[in-house]
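Student:
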Amino acid sequence: MPGLDEKLHDIYDEVLRRNAGETEFHQAVHEVLDSLGPVVAKHPHYADAAVIRRLCEPERQIIFRVPWADDQGNVQINRGFRVEFNSALGPYKGGLRFHPSVYLGIVKFLGFEQIFKNSLTGLPIGGGKGGSDFDPKGRSDAEVMRFCQAFMTELYRHIGEYTDVPAGDIGVGGREVGYLFGQYKRITNRYESGVLTGKGVTWGGSQVRTEATGYGTVYFTHEMLKARGESYDGKKVVVSGSGNVAIYAIEKVHQLGGTVVACSDSSGYIVDEAGIDLDLVKDIKENRRGRVAEYVEARGGGARFSASGSIWEVPCDIALPCATQNELNGTDAKALIASGCTIVAEGANMPCTPDAVRLFVEAGVGFAPGKAANAGGVATSALEMQQNASRDSWSFEHTEARLAEIMRGIHTRCLETADEYGSPGNYIAGANIGGFIQVADAMLALGLI
Numbered sequence: 012m013p014g015l016d017e018k019l020h021d022i023y024d025e026v027l028r029r030n031a032g033e034t035e036f037h038q039a040v041h042e043v044l045d046s047l048g049p050v051v052a053k054h055p056h057y058a059d060a061a062v063i064r065r066l067c068e069p070e071r072q073i074i075f076r077v078p079w080a081d082d083q084g085n086v087q088i089n090r091g092f093r094v095e096f097n098s099a100l101g102p103y104k105g106g107l108r109f110h111p112s113v114y115l116g117i118v119k120f121l122g123f124e125q126i127f128k129n130s131l132t133g134l135p136i137g138g139g140k141g142g143s144d145f146d147p148k149g150r151s152d153a154e155v156m157r158f159c160q161a162f163m164t165e166l167y168r169h170i171g172e173y174t175d176v177p178a179g180d181i182g183v184g185g186r187e188v189g190y191l192f193g194q195y196k197r198i199t200n201r202y203e204s205g206v207l208t209g210k211g212v213t214w215g216g217s218q219v220r221t222e223a224t225g226y227g228t229v230y231f232t233h234e235m236l237k238a239r240g241e242s243y244d245g246k247k248v249v250v251s252g253s254g255n256v257a258i259y260a261i262e263k264v265h266q267l268g269g270t271v272v273a274c275s276d277s278s279g280y281i282v283d284e285a286g287i288d289l290d291l292v293k294d295i296k297e298n299r300r301g302r303v304a305e306y307v308e309a310r311g312g313g314a315r316f317s318a319s320g321s322i323w324e325v326p327c328d329i330a331l332p333c334a335t336q337n338e339l340n341g342t343d344a345k346a347l348i349a350s351g352c353t354i355v356a357e358g359a360n361m362p363c364t365p366d367a368v369r370l371f372v373e374a375g376v377g378f379a380p381g382k383a384a385n386a387g388g389v390a391t392s393a394l395e396m397q398q399n400a401s402r403d404s405w406s407f408e409h410t411e412a413r414l415a416e417i418m419r420g421i422h423t424r425c426l427e428t429a430d431e432y433g434s435p436g437n438y439i440a441g442a443n444i445g446g447f448i449q450v451a452d453a454m455l456a457l458g459l460i
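Residue 12 is where the sequence shown starts when you use this note's numbering, and the numbers rise one by one after that.
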């Protein structure tokens, strides 16, 4: 594979051989290995000790059947997954995704990314991920509850506050976490609040956890702007998606002086040059569980909806892809570059294809990979774990201040690491190398594990 050090090339070939058909996992591994050449050259013991090879193989992969009954009494069968990827720094930590696209390759890609993301936070958490091909859309609350209970009936034996701590992801919000936690409590007869994060604030959850991924992405981008002597003032921003990450990214951009002019869902995208009315988007998505097309009729004025084309055709200064993996391709990247976009930060996990990333780097666009830019969600989950462990509850202001501090620290670490390994200003190299070294050193310290 072009661009890879010879030793890393062999490791990548082995990953392809051992994980056939898992294209998203292959992409995530290659993206990290592509940054590690200077590390192996400077510190050959990482390759000699096979620590990189070990990092590419999960410690444990769990696949299980999830049988449940729908409202008509029909038995449905889904498949559940939990990949416990690396626990060198702490218990496995990562979300659960409920979406029809979920299969082992998706879960492994997410879990692999989570190792380095969690490492960058500086908090004692390892990397894991899970989920199911269950689709909560169009299902009643009772059906979602029955599915979550069936899912947890198997998963409970594999998790624990010192073992593996799941959270939410696409398709898994506060409702689902509540049902999952209730079933865990029911089976174990323990109020082990640290076993799941993303809980409601009245029963063991943390302030800011709902907002954390979106807020964190915007805080990271704010640090990128500061490094250039700029701010959000007067900046036009496009945010893809309209779920949890996107909504709170929009909120924080507006608080910091920028204007979000477009957002989207799977039906299309809306453009509102006056600035997206976030209260209206929240009502449509969180209360009505509707589609963004409803925004135009309710908003009126100059707002418009498009069911075709790409949201990345909307001119902007900053692009925040916050929907899903590989949503922004090379064609989209060219459109953003042509419109004068100067910063792209990944609010979702790996939303930019390799072609898009290459084009951004070549054009001098500041590009922040998800393992750095969207680490705020898992960082606040770790803060929730701290509060659970101490039987404490922090204020919104204190928790948000901790989140902002962590994102500043990740930004600094990325830039300093990139400088040290000969790639000044390259956030991709800084994030991959910075995340890798901490995990690799811990693995070496723990012996052959």
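The beta-carbon is built from N, C-alpha and C at its ideal position, and this holds for glycine as well. Every value quoted in this text rests on a predicted model; they were computed, and no experiment measured them.
Distance check for Ser204 and Ala442, CA to CA, integer angstroms please.
Tutor: Answer to the nearest angstrom: the Cα atoms are 31 Å apart.
Student: Report buried or exposed for Asn437, applying the criterion of at least 16 other Cβ atoms within 10 angstroms of its Cβ.
Tutor: Asn437 comes out buried.
Student: Using 9 Å as the threshold, is the C-beta distance between Ile329 and Val303 below it?
Tutor: Not a contact, by the Cβ cut-off of 9 Å.
Student: Would you mind stating whether Pro69 and Gly171 have Cβ atoms separated by less than 9 Å?
Tutor: No, the pair does not count as a contact, with Cβ atoms beyond the cut-off.
Student: Measuring straight from C-alpha to C-alpha, what distance separates Ser278 and Glu416?
Tutor: Between Ser278 and Glu416, the C-alpha separation is close to 36 Å.
Student: In this structure, does DSSP put Gln72 in helix, strand or coil?
Tutor: Strand.
Student: Taking 9 Å as the cut-off, decide whether the C-beta atoms of Gly216 and Ile258 are in contact.
Tutor: No, the Cβ-Cβ distance between Gly216 and Ile258 is not below 9 Å.
Student: At 4 residues or longer, and completely inside the region 371-420: list those alpha helix (DSSP H) runs for me, N to C.
Tutor: Segments of the alpha helix (DSSP H) lying fully in the region 371-420: 381-384, 387-400.
Student: With a 10 Å radius around its C-beta and 16 neighbouring C-beta atoms as the bar for buried, classify Tyr173 as buried or exposed.
Tutor: By the 10 Å Cβ count, Tyr173 comes out exposed.
Student: Taking Val219 as the reference, give the member of Ser130, Gly387, Gly351 with the closest Cα.
Tutor: Nearest of Ser130, Gly387, Gly351 to Val219, Cα basis: Gly387.
Student: I'd like the ranges of any alpha helix (DSSP H) spanning at least 4 consecutive residues and lying wholly in the region 304-343.
Tutor: List check, alpha helix (DSSP H) in window: 304-310.
Student: Compare the beta carbon distance of Ala178 and Val450 with 9 Å and say whether it is the shorter of the two.
Tutor: No. Outside cutoff.
Student: Could you tell me the distance, in whole angstroms, from the CA atom of Tyr306 to the CA atom of Ala318?
Tutor: Looking at the two C-alpha atoms, the distance is approximately 13 Å.
Student: Alpha carbon to alpha carbon, what distance is there between Ile322 and Thr132?
Tutor: Cα-Cα distance, rounded: 31 Å.
Student: Can you tell which of Ala314, Met396, Ala223, Leu339 has the C-alpha that lies nearest to the C-alpha of Trp214?
Tutor: Of the listed residues, the one whose Cα sits closest to Trp214 is Met396.
Student: Would the beta-carbon of Ala344 fall within 9 Å of that of Val368?
Tutor: Yes. Within cutoff.
Student: Name the DSSP bridge partner or partners of Asp276?
Tutor: Answer is Gly279, bridged to Asp276.
Student: Does the beta-carbon of Arg157 have 16 or more other beta-carbons within 10 angstroms, so that it is buried, or is it exposed?
Tutor: When all chains shown are included, Arg157 counts as buried.
Student: What separation, rounded to the nearest whole angstrom, lies between the Cα atoms of Asn337 and Cys363?
Tutor: Going by the C-alpha atoms only, they are around 5 Å apart.
Student: Would you kindly work out how many angstroms separate the C-alpha atoms of His169 and Thr335, rounded to a whole number?
Tutor: Rounded to the nearest angstrom, the two C-alpha atoms are 27 Å apart.
Student: When you compare only the Cα positions, how much space is there between Ser275 and Arg300?
Tutor: Going from the Cα of Ser275 to the Cα of Arg300 covers about 14 Å.
Student: Buried or exposed: which applies to Asn298, given that a residue is buried once 16 or more other Cβ atoms fall within 10 Å of its Cβ?
Tutor: Per the 10 Å Cβ criterion, exposed.
Student: Which residues mark the beginning and the end of the alpha helix (DSSP H) in which Tyr259 is found?
Tutor: Run containing Tyr259: 255-266, per the alpha helix (DSSP H) assignment.
Student: Write down the C-beta distance between Gly445 and Arg424 rounded to the nearest angstrom, noting that I regard them as a contact closer than 8 Å.
Tutor: Yes, Gly445 and Arg424 are in contact; Cβ-Cβ is about 5 Å, under 8 Å.
Student: Closest to Thr232 by CA distance: which of Met454, Ile73, Gly358 is it?
Tutor: Selected option, being the one with the closest Cα: Gly358.
Student: Can you find at least 3 beta carbon pairs, one from the region 135-150 and one from the region 85-93, that sit closer than 8 Å?
Tutor: Touching, yes.
Student: In the DSSP assignment, find the alpha helix (DSSP H) that holds Gly446 and state where it starts and stops.
Tutor: Where Gly446 is concerned, the enclosing alpha helix (DSSP H) stretches over 438-456.
Student: Would you kindly work out how many angstroms separate the C-alpha atoms of Asp403 and Val43, rounded to a whole number?
Tutor: The straight-line gap from Cα to Cα measures roughly 37 Å.
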